[in-house]
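This report concerns only the one structure given below.
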Amino acid sequence: MTTASDEPDPKMSRLLKLAQKFNCFYLNGFMKGDCRPFVVDGHQVGLVSQNVIEQLLKYPEVFHIRAPEHGKQKIVELNPAFRDYNTRSQQVDTILREFRKQGMFVALKGWRDECYDVKSSTGSLLKMDRSATCLFGVRNYGVEINGYVRHPTKGLCIWLQQRSDTKQTWPGKWDNMVSGGLAVGYGVLETAIKEAAEEASIPGHLIKNLVSAGCVSFFFESERGLFPNTEFVYDLELPEDFVPDNSDGEVQNFQLLPAHECLERVFMPDFKTTSCPVVIDFLIRHGIITPENESNFTQVIELLHVPLQSLYTYRTTPNDGAANAHVTTTAATTNQRDLNSSSNNKSSIENGKL
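Add 196 to a position in the sequence shown, counting from 1, and you land on the number used in the numbering used here.
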């Protein structure tokens, strides 16, 4: 099947190409059908690739790799005998630590001893070290703060941080001013305030001006695994004389850039790919990127808000789990085909240049 990236469109803007890059799994990998649903307590909470499944097969007492009675595709199911949050968490953690000790997956080199919740629509089902969630395609949630200044001569300016060279992931890359994952036990706003203090030393009298600005969502894939990410976005207007100062050793530098220079920065190879959506979203909301200067404006916006929930619809029930699996997987694939078709059609009729 031909996908959006198989045949480059000469009319495709570089911004759309970037949006497709941070959605590479959504646009290409998902359509290949190589991954299998990861099911916990009857709910799909992730997607597992074949190379991970090969290792999970060694632990049949924890992971059941099976085909439903009337189904055509296999699923990866956490043993239903594990009935509570703590038991599930402990069983999975034991195996992940074995993988880490064996050097099994590159993702586990970034082990953080910080856990993310694995959730369904009914609540949290277990926790997992954040470095391992990409092996199971578990949805990740984080917070991002756009720190900006209305400069009297330079206009709208945006603060960026350069990540420490010792960071386990994306070392040395440029990033948003403040960002952090939603760890177990922390709320969204609570995480934003905590990360603002740790990463940029933003004092209380300034952080109280934090404004919620919605979410971005995308589905990225790298050598480490799958990243279906949803980021809660905040805007924070800062005074001209404020300079961020890192306090946790995870940032080596900050830089204030005019908005148009910030736009150019996201196209550079030294910018963290999975932080690009937040910057692009900010520039759209503040009128820097517009339908007049971006030929693929609507497509870019669509790829900032990927409907991840539509890709995680598998359910198992005592009687009709297999039929349900077939229907929901087909529906998600149909949604993806519609988006690809829409993307190709729009690129042929929209005009303008960024």
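Note that CB positions come from ideal geometry on N, CA and C, so glycine has one too. As the structure is a prediction and not an experimental result, all values here were calculated from the model.
Limits of the beta strand (DSSP E) - the one that residue i falls within
| i | result |
| --- | --- |
| I354 | 351-359 |
| V502 | Careful: V502 lies outside any beta strand (DSSP E) and carries neither H nor E. |
| C271 | It should be noted that the sequence gives Ile, not Cys, for residue 271. Run containing I271: 271-274, per the beta strand (DSSP E) assignment. |
| V439 | Element bounds for V439: n/a, residue is neither H nor E. |
| R461 | Counting along the chain, R461 falls outside any beta strand (DSSP E), though it belongs to the alpha helix (DSSP H) covering 455-461. |
| A409 | 407-418 |
Residue span of the alpha helix (DSSP H) that contains residue i, given as start and end
| i | result |
| --- | --- |
| D431 | From DSSP, D431 is part of no alpha helix (DSSP H) but of the beta strand (DSSP E) over 421-433. |
| G400 | 400-403 |
| L292 | 281-298 |
| V475 | 472-481 |
| Q251 | 246-252 |
| K213 | 210-217 |
| V258 | First-last for V258: undefined, no H or E at that position. |
| V235 | V235 -> not in any alpha helix (DSSP H); beta strand (DSSP E) instead, spanning 232-236. |
| V374 | Run containing V374: none in the alpha helix (DSSP H); it sits in the beta strand (DSSP E), 374-377. |
| E394 | 384-396 |
Residue i versus residue j: straight-line alpha-carbon distance, rounded
| i | j | result |
| --- | --- | --- |
| E446 | V235 | 35 Å |
| L406 | P399 | 12 Å |
| L504 | S360 | 30 Å |
| P276 | F450 | 48 Å |
| Y281 | G319 | 10 Å |
| L396 | P440 | Checking the sequence shown, residue 396 turns out to be Ala, not Leu. So the alpha carbons of these two residues sit roughly 5 Å apart. |
| L223 | L499 | 10 Å |
| N442 | M373 | 10 Å |
| R308 | R284 | 19 Å |
| C220 | R335 | 16 Å |
| V258 | V475 | 41 Å |
| Q364 | V302 | 11 Å |
| L479 | K270 | 42 Å |
| V244 | I261 | 11 Å |
| L378 | V384 | 7 Å |
| F438 | L453 | 14 Å |
| G299 | Q448 | 29 Å |
| C458 | E250 | 43 Å |
| Y508 | E427 | 18 Å |
| A388 | S375 | 8 Å |
| A392 | W355 | 13 Å |
| D289 | H456 | 45 Å |
| K404 | F493 | 33 Å |
| V241 | V272 | 10 Å |
| Y382 | D230 | 34 Å |
Whole-angstrom C-beta distance between residue j and residue i, which should lie under 8 Å
| i | j | result |
| --- | --- | --- |
| K315 | V380 | Contact doesn't hold; Cβ gap of about 11 Å is too wide. |
| S491 | K213 | With a Cβ gap of about 12 Å, S491 and K213 do not count as contacting. |
| F415 | T470 | No, F415 and T470 are not in contact; Cβ-Cβ is about 10 Å, not under 8 Å. |
| V233 | Y430 | Contrary to the premise, residue 233 reads as Pro rather than Val in this sequence. That pair is no contact at about 33 Å. |
| W370 | D466 | 6 Å |
| G368 | Q357 | With a Cβ gap of about 11 Å, G368 and Q357 do not count as contacting. |
| L274 | C330 | With 8 Å as the limit, L274 and C330 do not qualify as a contact, their Cβ atoms being about 17 Å apart. |
| S408 | N425 | About 18 Å; that fails the 8 Å criterion. |
How do the segment 345-353 and the segment 250-266 stand: do at least 3 beta-carbon pairs fall below 8 Å, yes or no? no
Counting only runs of 3+ residues fully inside the segment 312-336, write out the beta strand (DSSP E) ranges in chain order. 319-325
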